[in-house]
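Okay, so here's the structure we're looking at.
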Amino acid sequence: MMLELVTTVEDEDLGPMRMQNVMWRMSRTPGGVRGTGRPLGRDTDAVLAELGLDPGTIAELRERGLVK
């Protein structure tokens, strides 16, 4: 039986990435690696807007190097 400790996941920016697979798999809920994670800063504008910051404030934070 293969342990399948390493899996390959497709990343939209980097292509296929080999990653550690889920260690514990149960018969009815085996789980799995769905992605590599979002790049740093990808959702910053949306999160800050949801917190109530206007686009001008977000731009100022970015210019000051406080957010990516």
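Residue numbering for the sequence shown is 362 to 429, as defined by the working numbering.
Backbone N, C-alpha and C fix where the C-beta goes; we use that ideal spot for every residue, glycine too.
Take residue i as the anchor and find which of the options has the nearest alpha-carbon.
i: threonine 368; options: Arg389, Arg395, Leu375, Asp374; result: Arg395
i: glutamine 381; options: Ser388, Gly392, Asp374; result: Gly392
i: methionine 384; options: Asp415, Glu365, Gly402, Leu375; result: Glu365
I think residue i touches residue j, with their Cβ atoms under 8 Å apart; what is that distance to the nearest whole Å?
i: aspartate 406; j: isoleucine 419; result: 6 Å
i: methionine 378; j: threonine 397; result: 5 Å
Using the C-alpha atoms, what's the distance from residue j back to residue i?
i: glutamate 371; j: proline 400; result: 14 Å
i: arginine 386; j: valine 428; result: 38 Å
i: methionine 363; j: glutamate 373; result: 28 Å
i: aspartate 415; j: leucine 375; result: 32 Å
i: valine 408; j: serine 388; result: 37 Å
i: alanine 410; j: arginine 423; result: 13 Å
Shorter than 9 Å from the beta carbon of residue i to some beta carbon of chain B?
i: methionine 384; result: No chain B appears in this structure, which consists of one protein chain only.
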